[in-house]
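*Asks:*
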Amino acid sequence: MIKTGLLNPHILSLLARVRHTNTLVIADRGFPSWPQVETVDLSLVDDVPTVLQVLAAIRPNFILGHAFMADEFRAHNTPAVQAAFATALDGVPVTFEPHVEFKRRVPAATGLIRTGDTIQYANVILVSA
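For what it's worth, this note's numbering labels the leading residue of the sequence shown as 200, then goes sequentially.
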């Protein structure tokens, strides 16, 4: 029985299947659905959990080589919110691109974790190293 760390069996299973250069999406509550992409929906109520909480939970078990975010994230969020994401992704190169381009990457992802986050464009695509 797992006593510490990640407890959610669906997320543990998903992480175990993300291999070198595969991608994993962590999305806010309003992110579109892709029926062909395995989705673990953790949303409970507004901001429970958040993208940053999920990212913090999986980072110890995920070798992160790169991340993608939407340009619109920077345009719609305060410097404090941007700094929180920069801290959470510390040491990881982040590419910002138009949201339309960002969404084109999603169908190739191994899976998607949906959160209850209400931060605009708080979606991140993680690339396994």
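The beta carbon of each residue, even a glycine, is placed where N, CA and C say it ideally should be.
In this text, all values refer to a predicted model and were calculated from it rather than measured experimentally.
Tell me which residues share the same chain as H219 and place their Cβ nearer than 8 Å to its Cβ, disregarding the 5 neighbours each side in the sequence.
*Replies:* Translated into positions along the sequence shown, residue 219 becomes position 20. Correct list, in chain order: S327, A328.
*Asks:* I'd like the list of long-range same chain contacts for G310, defined as Cβ closer than 8 Å, with 5 residues on each side in sequence excluded.
*Replies:* To locate residue 310, count along the sequence shown from 1; it is residue 111. If we look at G310 and ignore the five residues flanking it on each side, its Cβ neighbours are L213, R216, V217, L223, V224, V236, E237, T238, V239.
*Asks:* T286: which of H275, R258, D246 sits nearest, CA to CA?
*Replies:* To locate residue 286, count along the sequence shown from 1; it is residue 87. Ranking the options by Cα distance to T286, first place goes to R258.
*Asks:* Which residues does DSSP pair with D240 in a beta bridge?
*Replies:* Residue mapping note: residue 240 aligns to position 41 of the sequence shown, counting from 1. According to DSSP, which records beta bridges pairwise, D240 is partnered with R313.
*Asks:* Can you tell me whether DSSP reads H265 as helix, strand or coil?
*Replies:* Counting from one through the sequence shown, the residue named residue 265 turns up at place 66. Here H265 sits in strand by DSSP.
*Asks:* Considering only residues of the same chain and omitting the five flanking positions on each side of V244, which have a CB-CB separation below 7 Å?
*Replies:* The sequence position of residue 244 within the sequence shown is 45, counting from 1. If we look at V244 and ignore the five residues flanking it on each side, its Cβ neighbours are G315.
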